[in-house]
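Chemist:
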Amino acid sequence: GLPLPWPAAGQPLLCGECLASPPPWQGLALHGQYRGALRQLILRFKHGGKPALAFLMAGMLLDAASCLPLPDAILGIPQHRDHLRRRGYNQAHELAVALGLSLSLPVRPDLLWRPTDIPHQTGLSAAQRRRNAAGSFRAADVRGLHLWLVDDIITTGSTLRAAGAELLRAGAARVDVLALARTPRP
């Protein structure tokens with residue numbers, strides 16, 4: 001469940017799942033649904049060795065994020081170093097860098113990391129994803145900072161929930177999430 005990215009009568013709209021279990025972020029900017037041309041573009045970016053597509057996609061995220069206040073810093077969902085070595089780049093970090101350059105804001109990958117590698121989330125149920133992501137992040141002292149946390153795809157939200165919760169635990173004043181796409185509900 002995720003907050004919907006537009007205000008209604010000054011109040012954010014929340015889906016039923018978020019009303020039952022509020023996420024650890026205050027705002028969400030989402031470009032679209034993970035299907036069709038957007039899905040193909042993200043797959044080329046993520047698995048096709050095309051990190052330069054981050055600049056095109058950052059423009060999409062900037063449009064979606066126009067309703068959010070600018071942060072103190074931007075960071076992508078981190079990958080463990082073993083995963084990063086296998087892929088060659090972290091697509092969420094590439095998006096964060098492109099956003100940072102576009103907005104002249106600092107990108108701070110040093111604020112959040114994954115101390116251990118976790119199994120791939122692909123094909124896991126929502127419950128398995130939650131267990132997989134729980135406790136998988138560590139954060140630096142981010143006391144008082146407003147942060148934009150960037151990822152490419154939101155499937156169940158488990159990864160972003162775990163990362164956002166860790167940033168708040170480490171003292172973040174506000175965490176907003178930016179993502180290119182959300183997988184359609186079954």
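First residue of the sequence shown? That's 1 in full-length UniProt numbering, and the numbers climb one at a time after it.
All C-beta atoms in this analysis are idealised placements derived from N, C-alpha and C, irrespective of residue type, glycine included.
For D110, does the count of other Cβ atoms within 10 angstroms reach 16, so buried, or fall short, so exposed?
Modeler: In the sequence shown, the residue the question calls residue 110 occupies position 110. With fewer than 16 Cβ atoms within 10 Å of its Cβ, D110 is classed as exposed.
Chemist: Identify whether I74 lies in helix, strand or coil by the three-state DSSP scheme.
Modeler: Residue 74 sits at position 74 when you count from the first residue of the sequence shown. I74: strand per DSSP, three-state reduction.
Chemist: One question on the structure: do L147 and L167 come within less than 8 Å of each other, judged by their Cβ atoms?
Modeler: Looking up residue 147 in the sequence shown gives position 147. Looking up residue 167 in the sequence shown gives position 167. Closer than 8 Å, so yes.
Chemist: Does H47 pass the burial test, meaning 16 or more other C-beta atoms within 10 Å, or should it be called exposed?
Modeler: To locate residue 47, count along the sequence shown from 1; it is residue 47. Result: exposed.
Chemist: Taking 8 Å as the cut-off, does the stretch 85-101 touch the stretch 52-59 (at least 3 CB pairs, one atom from each stretch)?
Modeler: Result yes; three or more Cβ-Cβ pairs closer than 8 Å.
Chemist: Check whether the Cβ atoms of residue 196 and A73 lie closer than 8 Å to each other.
Modeler: The question about residue 196 has no answer here: the residues shown for the chain are numbered 1 through 186.
Chemist: From the DSSP output, in three-state form, read off H146 for me.
Modeler: Numbered from its first residue, the sequence shown carries residue 146 at position 146. In the structure shown, H146 sits in a strand (DSSP, three-state: E or B).
Chemist: By the three-class DSSP mapping on this structure, what secondary structure does R44 have?
Modeler: In the sequence shown, the residue the question calls residue 44 occupies position 44. Three-state result, R44: helix.
Chemist: Measuring straight from C-alpha to C-alpha, what distance separates T116 and L178?
Modeler: Position 116 of the sequence shown, counting from 1, holds the residue named residue 116. Position 178 of the sequence shown, counting from 1, holds the residue named residue 178. Using only the alpha carbons, I get a separation of about 24 Å.
Chemist: Alpha carbon to alpha carbon, what distance is there between R86 and L149?
Modeler: For the purposes of this step, residue 149 is taken as the residue at position 149 of the sequence shown. For the purposes of this step, residue 86 is taken as the residue at position 86 of the sequence shown. Whole-angstrom Cα-Cα distance: 23 Å.
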